[in-house]
Amino acid sequence: ADRFGCRVTGIDLTAEFCDLARHLTRLLGLEDRVVFEQGDALAMPFEDARFDGAYSMNVSMNIADKAAFYREIYRVLRPGAWLLLSELARGPNDGLGYPTPWARTAESSFLETPPATAKGLEACGFTQLTLRDTAKEFRAFGVRSRAMVERGEKPPHCSVQLVHGDQAAEAMANTARGLADACIVPIEIYCRKPNGA
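Per the working numbering, the sequence shown starts with residue 2, numbered consecutively.
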């Protein structure tokens, strides 16, 4: 919002996450351009074709009904709008440990493979789909984070510890092991709601 001068609307099911997001927005002085709504991503409180674009970061991992999620994003996007998903997908191997940053147990984790994710988006009408493996960037971030911890530096104010508290270290370690063992794959998917849709 600050860099591009656009308006941003965020949505989260959890009131505490919305409160934290609003607090961080106030600290940045962006409350005139950024708002957060508490709501269900499967039944968003927005009219059809409201948004010029959408970004979903680490959301679908908590949603069992992916088709309903993708349909709802499609509904609120204007024709010609782009969607960027940045998610962790299910890798070829089993054995992911819990807790993770997105789920305390396997029963609340709903990872799909990258091809299944792409197929689900296309089934909802999205086109011009590009899938990108972001493991290299994800690993580089992990290396920087571990180096910071090894130097005895405190985590950034906006870190997973804000949400997970005492379980943050275990959740991040399980994520790092899951990535190393190919249980999870970080991906980005760009796709578009067609013009005239």
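Cβ coordinates follow ideal geometry from the N, Cα and C atoms, glycine included.
Note on geometry: alpha-carbon atoms of Met-173 and Leu-97 lie some 12 Å from one another. Rounded to the nearest angstrom, the gap between the Cα atoms of Asn-59 and Ser-87 is 6 Å. The residues Leu-86, Leu-132, in chain order, have a CB closer than 6 Å to that of Ile-190 in the same chain once the five nearest residues on each side in sequence are set aside. The beta carbon of Gly-197 is closer than 8 Å to those of Pro-80 in its chain, skipping five residues each way along the sequence. Shown here, Ile-188 sits in a strand according to DSSP, grouped into three states. For Phe-37, the enclosing beta strand (DSSP E) has its first and last residue at 35-39. Assignment of beta-bridge partners to Arg-133 by DSSP yields Glu-189. Annotated three-state conformation of Phe-47 is coil, per DSSP. Taking C-beta separations shorter than 6 Å and ignoring five residues to either side along the sequence, the partners of Cys-184 in its chain run Gly-92, Asn-94, Gly-96, Leu-97, following chain order.
Sixteen is the threshold: when 16 or more other Cβ atoms of the shown chains lie within 10 Å of the Cβ of Thr-118, as they do, the residue is buried. Residues Ser-61, Glu-113, Gly-121 of the same chain have their beta carbon placed closer than 7 Å to that of Lys-67, with the five preceding and five following residues left out of the count.
Pairing Leu-84 with Ala-55 gives a Cβ-Cβ distance under 8 Å. Across the structure, Phe-111 and Pro-100 are spaced so that their CA atoms are roughly 13 Å apart. The DSSP-derived three-state label of Ala-198 is coil.
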